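Read through the structure below, which is laid out as structure tokens, and then see the notes.
Residue numbers (this note's numbering): 1285 to 1565.
Structure (structure tokens):
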């Protein structure tokens, strides 16, 4: 696996490239020294944080200043995907003096956040998500697809707004096996897919995916590159990588906090920076 040093905080990706930075990857609760779900997506001159689980806000600032964020997307109301929004709201309200920061999320997520933080406006400009919704934040275009989970949850497909047929990134959010990346009906160069456990837990019928199920689903949907995430802290990364790769039919990556990936207009995946190896073949 190639490793190079990212130039520094707030270095954007090259033109025509989507960059994905893993700010948190633990499933449901953070493991030792880790953070729950959170990802920085950059394209053009735009930086958007997707999910803000516990610990993500601290890790996010290793890669981009909070003042440089252009928006946020929260996939659902489970706390391991949004609770650090409260810290971001405090930073913008009382330190950075920012208002009107666009956040896309479910109504249930907004209601829970307001229980903690009070009125989110005017600091945050909330937009409710819906199925098959399309929206743009700066240079990034988003499309939603409702998944199969315990609460209203949306997967995302992301492209450059001025190059819809260029590089593409999709994120499963949380889902059970009744949903697929094929729901987007469009090519996916890189899929960031939850793989909460290994195949031995499949009989429990939990509305999450095993690494095997993630690999099978991504392969059936024609995904080019697969990155597994949202592993329970007790799941061995090498086991998930091997299981996912066997089902996907080629090597996969297992996301770790601090990993950085880029995908170009040809759909090629480049590992720009990585905390430790998570590929298996």
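Glycine included, C-beta positions come from ideal geometry on N, C-alpha and C.
On a predicted model such as this, the values are computed, not experimentally measured, just so you know.
Burial state of residue i, where buried means 16 or more other Cβ atoms lie within 10 Å
i	result
residue 1449	exposed
residue 1321	buried
residue 1564	Any reading at residue 1564 is ruled out, since the residue's pLDDT is 49, under 50, leaving its predicted position unreliable.
residue 1496	buried
residue 1408	buried
residue 1545	buried
residue 1487	exposed
residue 1346	exposed
residue 1524	buried
residue 1451	buried
residue 1441	buried
residue 1435	exposed
Cβ separation of residue i and residue j, assumed to be a contact under 8 Å, to the nearest whole Å
i	j	result
residue 1431	residue 1459	4 Å
residue 1304	residue 1325	6 Å
residue 1494	residue 1501	10 Å between Cβ atoms; not a contact.
residue 1420	residue 1445	5 Å
residue 1549	residue 1300	5 Å
residue 1284	residue 1465	What the structure shows of the chain is the stretch from 1285 to 1565, and residue 1284 is not part of that stretch, so it cannot be assessed.
residue 1443	residue 1425	5 Å
residue 1568	residue 1538	Given a span of 1285 to 1565 for the chain in the structure shown, any question on residue 1568 remains unanswerable.
residue 1368	residue 1387	The Cβ separation is near 12 Å, so there is no contact.
Where the alpha helix (DSSP H) through residue i begins and ends
i	result
residue 1392	1391–1401
residue 1372	1369–1374
residue 1336	Run containing residue 1336: none in the alpha helix (DSSP H); it sits in the beta strand (DSSP E), 1330–1336.
residue 1344	1340–1344
residue 1526	1521–1532
Closer than 6 Å: residue i CB and nearest the ligand SAH heavy atom
i	result
residue 1351	This structure lacks the ligand SAH, and indeed carries no ligand of any kind.
Residue i - partner residues in DSSP beta bridges
i	result
residue 1419	1426
residue 1490	None; residue 1490 has no bridge partner.
residue 1357	1334, 1388
residue 1481	1494
Residue i: first and last residue of the uninterrupted beta strand (DSSP E) it sits in
i	result
residue 1509	1509–1513
residue 1546	1544–1547
residue 1439	1438–1444
residue 1449	1447–1455
residue 1496	That residue, residue 1496, is in no beta strand (DSSP E); its alpha helix (DSSP H) goes 1495–1504.
residue 1411	1408–1412
residue 1557	1553–1557
residue 1305	1302–1308
residue 1475	1474–1478
residue 1324	1322–1327
residue 1384	Where residue 1384 is concerned, there is no enclosing beta strand (DSSP E), given that its DSSP letter is neither H nor E.
Min CB distance residue i to chain D below 7 Å
i	result
residue 1313	No chain D is part of this structure, which consists of one protein chain only.
**OP:** For the stretch 1357–1376 and the stretch 1389–1403, state whether three or more C-beta atom pairs, one from each stretch, are separated by less than 8 Å.
**Re:** yes
**OP:** Inspect the CB distances between the stretch 1499–1514 and the stretch 1528–1537 and report whether three or more fall short of 8 Å.
**Re:** yes
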